[in-house]
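Student: The numbering of the sequence shown is the numbering used here, which starts it at 7 and goes up by one.
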Amino acid sequence: MGLRSAVITRVGEEHMGRFIREQLVREGVDVRGVKSDPERLTALVVLGITIAAIEKHDRHTRGIVVLGLDAPQAELAASFKVAASHDLVKGFAVGRTIFGDVARTWLKGEMGDAAAVSEMMKRYSQLCAIWDEARASTQEAVQ
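#1: Going by C-alpha to C-alpha distance, which of H21, L9, R27 and F98 sits closest to L133?
#2: For A120 and V108, which I take to be in contact (beta-carbon distance under 8 Å), what is that distance rounded to the nearest angstrom?
#3: Quick check: what's the CA-CA separation for S85 versus V31?
#4: Jot down the residue ranges of each uninterrupted alpha helix (DSSP H) in the region 36-94, minimum 4 residues, whole runs only, in chain order.
#5: Who are the Cβ neighbours of T111 in its own chain at under 8 Å, not counting the five residues just before and after it?
#6: What is the residue span of the beta strand (DSSP E) that G101 lies within?
#7: Looking at C-alpha atoms only, which residue of S42, D36 and F25 is the closest neighbour of G18?
#8: Could you give the first and the last residue of the continuous alpha helix (DSSP H) run that contains R32?
#9: Roughly how many whole angstroms lie between the Cα atoms of R68 and R141?
#10: Quick check on R16: does DSSP put it in helix, strand or coil?
#11: L9 to A59, Cα distance in whole Å?
#12: Closest to G39 by C-alpha separation, out of E81, G115 and S11, would be which residue?
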């Protein structure tokens, strides 16, 4: 439509905050009003808004998953703790967190096939354990 747009908000100084800012810039949105807040985890705020909107407007949704967007494991762990407390969240889909660095190293010839597979299995297992622990702790809190 040719109109200018701008956003005034706060995002975290983590992967999701950077992703949102980059997407806004890519769409031509003025982001001078987007402030970074080191105390905020953007993914957690977005998750809360998303779940409320889905519950209000789409009662047929059977589940959602947490996306990783290549976020580090520590950031995902924090997101998992919040996400696991919502029944609508069924799990996660975080491929690049599992294989991104491994694939780059393997493609450079700095890692063999067996080592790459082993490292990806380890990362996936760690994330599964983090998710299972988060889900179990929220279920214990309910009981």
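Where is the CB? At the ideal position from N, CA and C, for every residue including glycine.
Tutor: The answer reads as follows:
#1: Nearest of H21, L9, R27 and F98 to L133, Cα basis: F98.
#2: So it is not a contact: roughly 12 Å between Cβ atoms.
#3: In a straight line, the C-alpha of S85 is about 25 Å away from that of V31.
#4: Complete alpha helix (DSSP H) runs here, min 4: 48-63 and 79-89.
#5: Excluding residues within five positions, the ones whose Cβ falls inside 8 Å are M117 and A122.
#6: Taken as a continuous stretch (DSSP letters only), G101 belongs to no beta strand (DSSP E), being part of the alpha helix (DSSP H) at G101 to L113.
#7: Out of S42, D36 and F25, S42 has the C-alpha closest to the C-alpha of G18.
#8: Per DSSP, R32 belongs to the alpha helix (DSSP H) from H21 to R32.
#9: The straight-line gap from Cα to Cα measures roughly 17 Å.
#10: Three-state DSSP puts R16 in a strand.
#11: Distance from the CA atom of L9 to the CA atom of A59, rounded to whole angstroms, is 27 Å.
#12: Between G39 and the set E81, G115 and S11, the nearest pair of CA atoms involves S11.
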